[in-house]
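Chains as they are written, first to last, in the numbering used here: chain A, 193 to 439; chain B, 665 to 906.
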Ligand SMILES: Nc1ncnc2c1ncn2[C@@H]1O[C@H](COP(=O)(O)OP(=O)(O)O)[C@@H](O)[C@H]1O
Ligand SMILES: [Mg+2]
């Protein structure tokens, strides 16, 4: 039986799990409310007087900081807590297939949440004539950013049976990945540290790589950054899960 | 069909499984008997490929569980201790998922799920979610998951734990019936269970095999011909361990 069939079966089960509990709907509503709040109120969408979604996308790294770990914290900790991990991994499934299957399901769920923000796109097109190319690259960047945070949440979720700890640790890691390249922080750092060092640290930040997408540029290096971050975090997830079993 | 050779598993300084070897052939039901903490679950987790062994070898249907885990796992069905299941899934959804992972689709899958449901008498709770099931039904649901693909080999960790006397009796006769065509290993600490369902018994204590034979052979070791006398004489009570 081929790998994809197994991955699909695992993804389908996981995604179904989101929608059989009220958690998914609560999550979607909160996500949409917060997106609206940040875009139109804090982001001064209307006062900007320009037809763009800058005020929408700027907030995504901060919004995802809490929402993505909330969506990902249960991925592995729950399986370990209730013992289904043992069931799943004694079926003819590789650890890798299980990791990819569960990750994809949660990512699809987050992409669905992102897709449901389409009224914002319609609004801006109705009010003016924005550059829709920039908006599309913006969405691509946002999807990759969500995937990167999610992979990190996956990793922290594998480390503990406790969802709260898993949540807090992944927020901390994601926060670090923001701050390392957040302009107010880097501006502060260059006063003490060598600019080359600051730049190197910043190149590991999601902010550095997220910004280009908001300017309408899809740079291969930025895509590679997000994809390798996801790959690295999922690889570590595998190491952690194998570690539990080795005892 | 299952071959365990010099198996060792340590957790830190603790030797949970200490150099045990045995075989199980088709048509055999092996009762794996031992006090709590003897190493029964750990052995089963190694056989099913959940824990890697510290030393020794397990082959399942000719496949080494460490080198060819997927091929070996395909031949097995496993009921873990405490019969875990996805809380928010229905019994039907859960069994369909297990069948799909086992490579069954369409009509074949429907038939397989139907048969497992029938064998484990789950018709009444088919569309109930697992977290609303009583302990007995939860156990049977997980058992159904282990037989949905009609495997040649069954590994059952305390399959009668938490069942009422009637359910226990049913489970035992089911195991006995299935054992005619499969190789089954099931663990328990209930002695009468072994007498009723097993063709062979292994008693394990603190990670080591202390007895291996048919229930009759073991019984004949005691003056009164009772299995629990034998059990008590060769395993140490918890109070001595502590
Ligand atoms: N994951 C683990 N980490 C550390 N010790 C363990 C682990 N699993 C089992 N043990 C220890 O190994 C011994 C055997 O346990 P187990 O195989 O569950 O016994 P049984 O199933 O016969 O009751 C026990 O002393 C238990 O505490
Ligand atoms: Mg046990």
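Glycine included, C-beta positions come from ideal geometry on N, C-alpha and C.
The beta-carbon distance between residue 861/B and residue 867/B, rounded to whole angstroms, is 16 angstroms. This is too long to meet the 8 angstroms contact definition. For the pair of segments examined, the stretch 266 to 273 of chain A was found to touch the stretch 348 to 355 of chain A: the number of CB pairs separated by less than 8 angstroms reaches three. In the three-state reduction of the DSSP assignment, residue 283/A falls in the coil class, being assigned neither a helical nor a strand state. Taking a contact as a CB-CB distance under 8 angstroms, the pair residue 719/B and residue 670/B counts as one, their CB atoms being some 7 angstroms apart. Put simply, the CB of residue 433/A is far from chain B, with every gap to its CB atoms at 8 angstroms or more. For the stretch 259 to 276 of chain A, residues whose beta-carbon sits nearer than 8 angstroms to a beta-carbon of chain B comprise 274, 275, 276. Among the CB atoms of chain B, none fall inside 8 angstroms of the CB of residue 429/A. Look at residue 695/B here: in three-state DSSP terms it is strand.
The C-beta of residue 684/B comes no closer than 8 angstroms to any C-beta of chain A.
Inter-segment contact for the stretch 414 to 432 of chain A and the stretch 676 to 687 of chain B is absent: fewer than three beta-carbon pairs are separated by less than 8 angstroms. Put simply, of 747/B, 805/B, 707/B the residue whose alpha carbon is nearest the alpha carbon of residue 873/B is 707/B. Contact of residue 788/B with chain A is not assigned, every C-beta pair being separated by 8 angstroms or more. As a beta-bridge residue in DSSP terms, residue 673/B pairs with 681/B. Distances from the alpha-carbon of residue 420/A to those of 375/A, 248/A, 356/A, 337/A put 337/A closest. One finds 197, 198, 200, 201, 204, 205 in chain A with Cβ atoms closer than 9 angstroms to the Cβ of residue 764/B, taken in chain order. Short of 7 angstroms from the beta carbon of residue 400/A, and not among the five residues preceding or following it, lie these beta carbons of its own chain, in chain order: 373, 394. Cβ atoms of residue 840/B and residue 690/B stay farther apart than 8 angstroms, at about 15 angstroms. With a cut-off of 8 angstroms on Cβ pairs, the stretch 733 to 748 of chain B is in contact with the stretch 813 to 825 of chain B, counting three or more such pairs. Scanning its chain for C-beta atoms nearer than 6 angstroms, with the 5 sequence neighbours on each side dropped, one finds around residue 851/B the residues 696, 704, 821, 822, in chain order. Beta-bridge annotation (DSSP): residue 742/B is paired with 819/B.
Closest in C-alpha terms to residue 297/A, from the list 219/A, 324/A, 210/A, comes 210/A. Not a single CB atom of chain B sits nearer than 8 angstroms to the CB of residue 227/A.
The three-state secondary structure of residue 727/B, taken from DSSP, is strand.
No Cβ-Cβ contact shorter than 8 angstroms links residue 698/B with residue 892/B. Identification of chain B residues near residue 285/A by a Cβ-Cβ cut-off of 9 angstroms yields 734, 737, 765, ordered along the chain. A contact is defined here as three or more CB-CB pairs under 8 angstroms, and the stretch 299 to 313 of chain A meets this definition with respect to the stretch 221 to 241 of chain A. The Cβ of residue 761/B sits closer than 8 angstroms to at least one Cβ of chain A. Within chain A, the C-beta atoms nearer than 9 angstroms to that of residue 749/B come from 274, 275, 276, 279, in chain order. Beta-bridge pairing by DSSP links residue 420/A to no other residue.
With a threshold of 7 angstroms, the Cβ atom of residue 752/B does not count as near ligand 2, since no heavy atom of the ligand is closer than that.
Residues of chain A with a Cβ closer than 9 angstroms to the Cβ of residue 716/B are, in chain order, 434, 437, 438, 439.
Contact note: residue 712/B reaches chain A through 282, using a C-beta cutoff of 7 angstroms and chain order.
At a threshold of 7 angstroms, residue 746/B does not count as near ligand 1, since its beta carbon sits no closer than that to any of the ligand's heavy atoms. Each of 760/B, 788/B, 724/B, 732/B was checked against the Cα of residue 819/B, and the nearest Cα belongs to 724/B. Residue contact with chain A for residue 771/B: absent (no Cβ-Cβ distance below 8 angstroms to any residue of chain A).
Under the Cβ criterion of 8 angstroms, residue 209/A is counted among the residues facing chain B.
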